[in-house]
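All residue numbers for the sequence shown refer to the numbering used here, where the first residue is 9 and numbers rise by one. Every residue gets a Cβ at the ideal spot worked out from N, C-alpha and C, and that includes glycine. In what follows, a single structure is set out as structure tokens and then discussed.
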Amino acid sequence: MNQGLFITMEGIEGVGKSTNMEYVHQSLLAAGIKVVLTREPGGTELGEKIRGLLLDKDNQSMVEDTELLLMFAARAQHLAEVIKPALTQGQWVLCDRFTDATYAYQGGGRGIAYERIAQLEQWTQGDLRPDATLLLDAPVDVGMARAARREQEADRFEREKQAFFVKVRQAYLDMASQNPQRYCVVDASQPLEQVNIQLSEVVNRLIK
Ligand code: TMP
Numbered sequence: 009m010n011q012g013l014f015i016t017m018e019g020i021e022g023v024g025k026s027t028n029m030e031y032v033h034q035s036l037l038a039a040g041i042k043v044v045l046t047r048e049p050g051g052t053e054l055g056e057k058i059r060g061l062l063l064d065k066d067n068q069s070m071v072e073d074t075e076l077l078l079m080f081a082a083r084a085q086h087l088a089e090v091i092k093p094a095l096t097q098g099q100w101v102l103c104d105r106f107t108d109a110t111y112a113y114q115g116g117g118r119g120i121a122y123e124r125i126a127q128l129e130q131w132t133q134g135d136l137r138p139d140a141t142l143l144l145d146a147p148v149d150v151g152m153a154r155a156a157r158r159e160q161e162a163d164r165f166e167r168e169k170q171a172f173f174v175k176v177r178q179a180y181l182d183m184a185s186q187n188p189q190r191y192c193v194v195d196a197s198q199p200l201e202q203v204n205i206q207l208s209e210v211v212n213r214l215i216k
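Pasting the structure below:
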């Protein structure tokens, strides 16, 4: 049986990741492709508990290495329970964030050396990497303004300042330019219909 395709979706807060994940999911379903929809940090019972620790705004004492290791702890569980079994069975996996988020947030944002993240990536994933990564990109002030309109209380990451997200966005854009085969950059500052058109083009390329 052929391996399924592993697709990840990335972007800073407020770029419309949830809405657009659902759009990509529906587009794949319409093309007759069954997809496992999942997210990081999380995607398993244990991983969702780790997510709770990571996002809890009261965990202000969490140091950068703890944050990094918890991301990979959740990822190890997710790979073993969800991602690898699905891909092996030929199913496609659409994942809301993956290791590129670690490079962007813990690497770009927090300043942890990329080499250290790469060591954990190799340890946890071996050679497994996403086949395609959809980066929803928008200027930080656009994303932050959209995120501020949400009703829920801001989590530990959402409380970060603009300068943090400027570094995160730049890290994503750098990865995209270094991996042009894998990355599809979508201009998420446009109206939703335009974003959908861009995503449809990406989906059409993936299902060919
Ligand atoms: P979400 O709100 O988009 O689901 O993601 C939760 C937060 O976790 C988001 O602010 C980005 C952050 N994150 C990291 O910092 N590193 C990672 O590796 C992942 C997967 C997420």
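Between residue i and ligand 1, is the CB less than 7 Å from at least one heavy atom?
{"i": "Glu110", "result": "For the sequence presented, residue 110 should be read as Thr rather than Glu. Correct: Thr110 has its Cβ closer than 7 Å to ligand 1."}
{"i": "Met79", "result": "yes"}
{"i": "Thr158", "result": "Going by the sequence as given, residue 158 is Arg instead of Thr. No - ligand 1 has no heavy atom lying nearer than 7 Å to the Cβ of Arg158."}
{"i": "Glu56", "result": "no"}
{"i": "Glu48", "result": "yes"}
{"i": "Gln127", "result": "no"}
{"i": "Asp104", "result": "yes"}
{"i": "Lys25", "result": "yes"}
Any idea which residues DSSP pairs residue i with across the strands?
{"i": "Thr46", "result": "Cys103"}
{"i": "Ala140", "result": "Ile15"}
Can you name the start and end residues of the alpha helix (DSSP H) that residue i belongs to?
{"i": "Pro93", "result": "92-96"}
{"i": "Leu61", "result": "53-63"}
{"i": "Thr27", "result": "25-38"}
{"i": "Ser208", "result": "200-215"}
Got a sec: does ligand 2 put a non-hydrogen atom nearer than 7 Å to the Cβ of residue i?
{"i": "Asp149", "result": "Ligands in the displayed structure: ligand 1; ligand 2 is not one of them."}
Fill in: Every unbroken beta strand (DSSP E) within the region 142-196, with a cutoff of 3 residues, ordered by chain
191-195
Worksheet item: Within the chosen definition, does the region 79-92 reach the region 125-138 through at least 3 CB pairs nearer than 8 Å?
Response: In the pairwise beta carbon analysis, the region 79-92 is classified as touching the region 125-138: at least three pairs are separated by under 8 Å.
Worksheet item: Are three or more beta carbon pairs between the region 174-186 and the region 106-115 nearer than 8 Å?
Response: yes
Worksheet entry | Cβ contact check for the region 51-61 and the region 110-126: 3 or more pairs under 8 Å | Segments in contact, no.
Worksheet item: Do the region 195-209 and the region 142-153 touch if we need at least three Cβ pairs shorter than 8 Å?
Response: Touching, yes, given that three or more Cβ pairs across the two stretches are closer than 8 Å.
Fill in: Three CB pairs or more closer than 8 Å across the region 29-41 and the region 146-161
Taking a cut-off of 8 Å on C-beta distances, the region 29-41 does not touch the region 146-161, as fewer than three cross pairs fall below it.
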